[in-house]
Structure formats: C-alpha cells, structure tokens
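J.: Please read through the structure below; I'll follow up with questions.
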Amino acid sequence: MAGTDLSALYRGYISCLNDQDWQSLGRFVHEDVHYNGEKIGLSGYREMLEGDFRAIPDLRFTIDLLVAQPPHVASRLLFDCTPKGVLFDLPVNGRRVRFSENVFYGFRNDRIDTVWSVIDKAAIASQL
1 MAGTDLSALY RGYISCLNDQ DWQSLGRFVH EDVHYNGEKI GLSGYREMLE
51 GDFRAIPDLR FTIDLLVAQP PHVASRLLFD CTPKGVLFDL PVNGRRVRFS
101 ENVFYGFRND RIDTVWSVID KAAIASQL
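What the sequence shown shows, in full-length UniProt numbering, is residues 1 to 128, in sequence order.
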C-alpha cells in the first residue's frame, strides 16, 4: 500500500469516528485489534470509542500531523472539547479543555490492527 493510500484510508477512519458511524468501523479496524499492547478486538475498540463519546459529547478528532510509512501511520490528534465529568482521572466536569494525542497505528490488510496511544494528560491537568 502506498503512503498516500494509507493517508487517505486513515482520513476515512477519522471521518468514521467523527460521524460515529460504528457500523463502518470494521472497514477500518481489524477484528483482532490491539490497543496499547492489549488485544481488545473490534468490539472492545468500538465500546471504548462509544464510551469516549458518551463522556465527551462534543468530541471531534482533528488531525494536526500525519505521517504514513506503510504499514504504519503516525498522527498527532488535537481535541478541543467539554467532557461531562471525570476524564483520565481528572475532574473536568464540563469545563472546556484542549489536549493532544500522539498515536501510532499498524495496518494489516488495509485495516488497523495495532494502536499505540499517548494522551497529553498534563495539558488537561494544567487547564484545571
């Protein structure tokens, strides 16, 4: 898969998340997906994302930086949102916060099968 194709595929995945199009998630995420070293499978991944949207009703994934080198994608995602309650063990409680996530993806058969994510929790804490 060429880097530009992988970039387009990743952008489609981000659109799927922002649209909360859970029926289409399997087009982008492998059945056996691992998240930060743990096999959670597609259903666990979907549950995690649905929980994120319940906790953060105005959640929107914004790509700030995207590098594709098949079979990997590296991305810096930006968030500007108002979580309802506790977020990452921090009492946000409806306050607006801005933070980033650095995430690396491994692809297999044109679908994400590995995700390594680091969220800038310190940025959230500093705003509280």
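The beta carbon of each residue, even a glycine, is placed where N, CA and C say it ideally should be.
Computed from a prediction, not measured in an experiment: that's the story for all the values here.
Can you give me the C-alpha to C-alpha distance between Cys81 and Leu49, rounded to a whole angstrom?
T.: Using only the alpha carbons, I get a separation of about 15 Å.
J.: List the endpoints of the continuous alpha helix (DSSP H) containing Ile56.
T.: Counting along the chain, Ile56 falls outside any alpha helix (DSSP H), and DSSP gives it neither H nor E.
J.: With H, G and I counted as helix, E and B as strand and the rest as coil, what does DSSP make of Asn18?
T.: If DSSP states are grouped into helix, strand and coil, Asn18 belongs with the helices.
J.: Run through DSSP, which three-state label would Lys121 get?
T.: Of the three classes helix, strand and coil, the one that applies to Lys121 here is helix, per DSSP.
J.: Alpha carbons only, please: which of Val67, Leu59 and Tyr105 is nearest the one belonging to Pro83?
T.: With distances taken between Cα atoms, Pro83 lies closest to Leu59.
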